[in-house]
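Trainee:
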Amino acid sequence: MYLTSTLRVLRCAVLALSLAPAALAQRAAGPGRPTDFLDPAFHQSRRELLRQALPAGSVAVLFANPVRNRANDVNYIFHQHPDLYYLTGYDEPDAVLVLFKEPQTVGGQAGVTEALFVQPRDPKAEQWTGRRLGTEGTRQQLKLQYVADNKDFAGAGIRWADFKSIHFLDPPTDIRDDSRNPADLFDLVATFRRQAAVPADYDARRNELYTTVQRYGVVNAAGIKSYVEGLAKNQPALATDAYLQGYLRATTDTERQQAMAARPVSRFETGSLNDALDELRAVKTPEELKLLRQAVRISAVGQQEVMKALKPDMGEMEVQGLHEYVYKKYGAEFEGYPSIVGAGGNGCILHYETNDKPRIGNDLILMDCGAEYHGYTADVTRTAPPSGKFSPAQRQIYELVLAAQDAGILACKAGNEFQAPNKAAQKVVADGLMKLGIIQTPEEMRKYFPHGTSHYLGLDVHDRGTYKPLQAGNVITVEPGIYIPEGSPCDKKWWNIGVRIEDDILITAGAPENLSREAPRTVAEVEAMMAKPSSLDNFKLPVLK
């Protein structure tokens, strides 16, 4: 609601700043770390663009991600909230960023438009869990205007009652409270809710849904009506919500506009902040593209090396390990998502993550893997025959998926609707499955190709974006697939064939650029790569009895 009138300005500013020269710089809490992190100027430009999008008299609040417990006293490796990282470069827990539309006085300092509260240095804690930037390190390296200890957030003197609107991304509700830390994330969120007087029954997801209805309620009335009705079936509170039910009862655009205008008034807003971040993160800057290209190239080389090494007597977990070893060898800190390595029928499970089949055999193996490099993640899928050669049936399905992907990539042009690649690929798959006799009508295609082809890619594998017409600077996936599990109503020769081919595509002013083109795609390319010797051919480990 609040940011709609400023989004045009934001889009223009995004395009202007995305043309700035790429800059990468060292950001480290200790010596010997990589030197190609995003420059503080990049994060500063993102904060300023977001601040420009805020309405008069407003404030935006973003929290760090929580620390998650794995077992007993062992935590999962911390991963920063992508929005906070995008805006600051800060990658430690227990932090909160506050952006003000107009300058404020914070902690006695006048003229503040941005304030970041971070965890302090603690020599004892750092001996166990690693170095921290602290307030001084954060101020020097990340160049924010105002940086303070997170314990100072409660007493910073922010006049929350004076703001016309307060924009925030709702933090999770299951944050652990460390009684030994008076300013952990639990306390930061509680302080904000108390001082800003956020109603106890405030529902951020409902607020986001209101914003979605206002944004698309007329231009995509049928889609929004179906979406809201679907949610209301499983959420009783939505089924009785007066605003949403008023919208659903409307039958004309005029009635819909009248219903949408009756949105309940609130000082608290989450949907429009999400919209603004979607706009910003959808268009990648040259700095971002440098890191994203690195993540994608590492992932493509991983596919090459695994194809060379692949053998029928390998296990899925071993294949996963080979991909991830390549990532580490090139300095990628993490996987962007749990690696999907499924052989045979396991390849027909879209998000198969168990990866524990001890012998992959001669069935096709689907490898959906992506390196994360300095926060930016790739998403590359290849499907290969462990024997080194596709069987006739495997080849037919593979080449159909490849033709669908070619059609989808061809549709990746600036100005095309976001769904253009998906529609192009679906038509090819439907026609092809009918020719093979696997389906009888185009509608049956969804049984074997149940997902879309494309999503945005960046700091998240399913990254933020507007899903509006494609524009230069978008990076999206194109990933058609065909999955025929055992027992499907078709000839048994197709059973347990699962094929997905996925590439990462940069939308440009001209032809689309396939960032992952180094990973073999065609049958000939895959078989030729698999015929090459692998550096792992002579790597033998002792047999464990």
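Sequential numbering of the sequence shown, starting at -9, is according to my numbering. Ideal Cβ positions, reconstructed from N, Cα and C, are used throughout, including at glycine.
1. Quick one: give me the first and last residue of the beta strand (DSSP E) that residue 473 is part of.
2. On the three-state DSSP scale, how would you describe residue 48?
3. As a quick exercise: from 264, 233, 131, pick the residue whose alpha carbon is nearest that of residue 33.
4. At which residues does the alpha helix (DSSP H) containing residue 232 begin and terminate?
5. Could you give the residue range of the beta strand (DSSP E) that holds residue 371?
6. Out of 362, 197, 446, 145, state which residue places its alpha-carbon closest to the alpha-carbon of residue 274.
7. Considering only the beta carbon of each residue, do residue 362 and residue 311 sit closer than 9 Å?
8. When you compare each of 121, 94, 120, 89 to residue 106 by their alpha carbons, which one comes out closest?
9. Roughly how many angstroms separate the alpha carbons of residue 314 and residue 496, rounded to a whole number?
10. Do the segment 481 to 488 and the segment 377 to 389 meet, that is, are 3 or more Cβ pairs less than 8 Å apart?
11. Helix, strand or coil for residue 11 per DSSP?
12. Going by CA-CA distance only, name the one from 418, 412, 321, 57 that's closest to residue 24.
13. Counting Cβ pairs closer than 8 Å, one from the segment 46 to 65 and one from the segment 151 to 171, do we hit at least three?
14. Compute the Euclidean distance between the alpha carbons of residue 277 and residue 28, then round it to the nearest angstrom.
15. Considering only residues of the segment 443 to 513, which uninterrupted beta strand (DSSP E) runs meet the minimum length of 3 residues and lie entirely inside it, listed in chain order?
16. Taking DSSP as the reference, what is the three-state secondary structure of residue 152?
17. Name the DSSP bridge partner or partners of residue 560?
18. Excluding five sequence neighbours on each side, which residues of the same chain lie with their C-beta closer than 8 Å to the C-beta of residue 243?
19. Roughly how many angstroms separate the alpha carbons of residue 138 and residue 102, rounded to a whole number?
20. Using alpha carbons as the reference points, say which of 146, 394, 510, 257 lies closest to residue 547.
21. Only counting runs of 4 or more residues, tell me where the alpha helix (DSSP H) segments fall wholly within the segment 87 to 174, in order along the chain.
22. Could you tell me which of 532, 399, 531 sits nearest to residue 491, measuring between CA atoms?
23. If you count every other CB in all the chains shown that lies within 10 Å of the CB of residue 456, and 16 or more means buried, which is it?
24. Which residue or residues does DSSP assign as beta-bridge partners of residue 324?
25. What separation, rounded to the nearest whole angstrom, lies between the Cα atoms of residue 95 and residue 150?
26. Report all residues from its chain with a CB closer than 7 Å to the CB of residue 307; omit the five preceding and five following residues, and keep chain order.
27. Taking the straight line between their C-alpha atoms, what separation do you get for residue 74 and residue 267?
28. Where DSSP assigns a beta bridge to residue 61, which residues make up the other side?
29. Just how far apart, CA to CA, sit residue 563 and residue 128?
30. Would you list the residues sitting across from residue 367 in a DSSP beta bridge?
31. According to DSSP, is residue 408 helix, strand or coil?
32. Quick one: what does DSSP say residue 176 is sitting in, helix, strand or coil?
33. Which partner residues does residue 259 have in the DSSP bridge list?
34. What residue does the alpha helix (DSSP H) around residue 311 start on, and which one ends it?
35. Using the C-alpha atoms, what's the distance from residue 301 back to residue 531?
36. Alpha carbon to alpha carbon, what distance is there between residue 40 and residue 78?
Mentor: This is what the structure holds:
1. Position 483 of the sequence shown, counted from the first residue, corresponds to residue 473. That run of the beta strand (DSSP E) goes 471 to 474.
2. Here residue 48 corresponds to residue number 58 of the sequence shown, with the count starting at 1. In the three-state reduction of the DSSP assignment, residue 48 falls in the strand class, which pools E and B.
3. In the sequence shown, the residue the question calls residue 33 occupies position 43. Checked all of 264, 233, 131; the closest Cα to residue 33 is 131.
4. One-based indexing of the sequence shown puts residue 232 at position 242. The continuous alpha helix (DSSP H) containing residue 232 extends over residues 232 to 239.
5. Reading the sequence shown from its first residue, position 381 is the one you call residue 371. DSSP places residue 371 inside the beta strand (DSSP E), whose first and last residues are 370 to 374.
6. Numbered from 1 along the sequence shown, position 284 holds the residue referred to as residue 274. Checked all of 362, 197, 446, 145; the closest Cα to residue 274 is 446.
7. On the sequence shown, residue 362 is found 372 positions in, with the first residue counted as 1. On the sequence shown, residue 311 is found 321 positions in, with the first residue counted as 1. No.
8. Against the sequence shown, residue 106 aligns to sequence position 116. By alpha-carbon distance to residue 106, the top candidate from 121, 94, 120, 89 is 89.
9. Here residue 314 refers to the residue found at position 324 of the sequence shown. Here residue 496 refers to the residue found at position 506 of the sequence shown. If you take the alpha carbons of residue 314 and residue 496, they lie about 24 Å apart.
10. The segment 481 to 488 is in contact with the segment 377 to 389.
11. Here the question's residue 11 lines up with position 21 in the sequence shown. Any answer about residue 11 is weak, because its pLDDT of 43 lies below 50 and its placement is not dependable; what the coordinates show is given next. For residue 11, the secondary structure class from DSSP, reduced to helix, strand or coil, is coil.
12. Start at 1 with the first residue of the sequence shown, and residue 24 comes out as number 34. Nearest of 418, 412, 321, 57 to residue 24, Cα basis: 321.
13. Result yes; three or more Cβ-Cβ pairs closer than 8 Å.
14. Residue numbering aside, residue 277 sits at position 287 when the sequence shown is read from its first letter. Residue numbering aside, residue 28 sits at position 38 when the sequence shown is read from its first letter. Taking the straight line joining both Cα atoms gives about 7 Å.
15. Look at the segment 443 to 513 and you find these whole runs of beta strand (DSSP E), each 3 residues long or longer: 465 to 468, 471 to 474, 487 to 490, 493 to 496.
16. Taking the sequence shown and counting its residues from 1, the one referred to as residue 152 is at position 162. Residue 152 falls in the helix class under three-state DSSP.
17. Shown here, the chain extends from -9 to 535; a query on residue 560 therefore has no answer.
18. In the sequence shown, residue 243 corresponds to position 253, counting from 1. Excluding positions up to five away in sequence, the list reads 208, 211.
19. Locating residue 138 in the sequence shown gives position 148, where the first residue counts as 1. Locating residue 102 in the sequence shown gives position 112, where the first residue counts as 1. C-alpha separation (whole angstroms): 12 Å.
20. Because the chain spans -9 through 535 in this model, residue 547 falls outside it and cannot be assessed.
21. Counting only runs of 4 or more, we get 113 to 119, 124 to 132.
22. As a first step, residue 491 is located in the sequence shown; it is residue number 501 there, counting from the start. The shortest C-alpha separation from residue 491 is found at 399.
23. Taking the first residue of the sequence shown as 1, we reach residue 456 at position 466. Result: buried.
24. The sequence position of residue 324 within the sequence shown is 334, counting from 1. Residue 324 is bridged to 362.
25. As a working mapping, residue 95 is identified with position 105 in the sequence shown. As a working mapping, residue 150 is identified with position 160 in the sequence shown. So the alpha carbons of these two residues sit roughly 12 Å apart.
26. Locating residue 307 in the sequence shown gives position 317, where the first residue counts as 1. If you ignore the 5 residues before and after residue 307, its C-beta comes within less than 7 Å of the C-beta of 345, 346, all in its own chain and listed in chain order.
27. Sequence index remark: in the sequence shown, residue 74 carries index 84 (1-based). Sequence index remark: in the sequence shown, residue 267 carries index 277 (1-based). Going from the Cα of residue 74 to the Cα of residue 267 covers about 11 Å.
28. Numbered from its first residue, the sequence shown carries residue 61 at position 71. BP columns for residue 61 point to 64.
29. One cannot answer for residue 563 here, as it falls past the ends of the chain, which runs -9 to 535.
30. As a first step, residue 367 is located in the sequence shown; it is residue number 377 there, counting from the start. Per the DSSP secondary-structure output, residue 367 pairs in a beta bridge with 362.
31. Looking up residue 408 in the sequence shown gives position 418. Secondary structure of residue 408 (DSSP, three-state): coil.
32. Numbered from 1 along the sequence shown, position 186 holds the residue referred to as residue 176. Note: residue 176 maps to helix in three-state DSSP.
33. On the sequence shown, position 269 is the one that residue 259 refers to. Paired residues: 157.
34. Locating residue 311 in the sequence shown gives position 321, counting from the first residue. Element bounds for residue 311: 306 to 319.
35. Start at 1 with the first residue of the sequence shown, and residue 531 comes out as number 541. Start at 1 with the first residue of the sequence shown, and residue 301 comes out as number 311. About 16 Å.
36. Counting from one through the sequence shown, the residue named residue 78 turns up at place 88. Counting from one through the sequence shown, the residue named residue 40 turns up at place 50. Straight-line Cα distance between these residues: approximately 12 Å.
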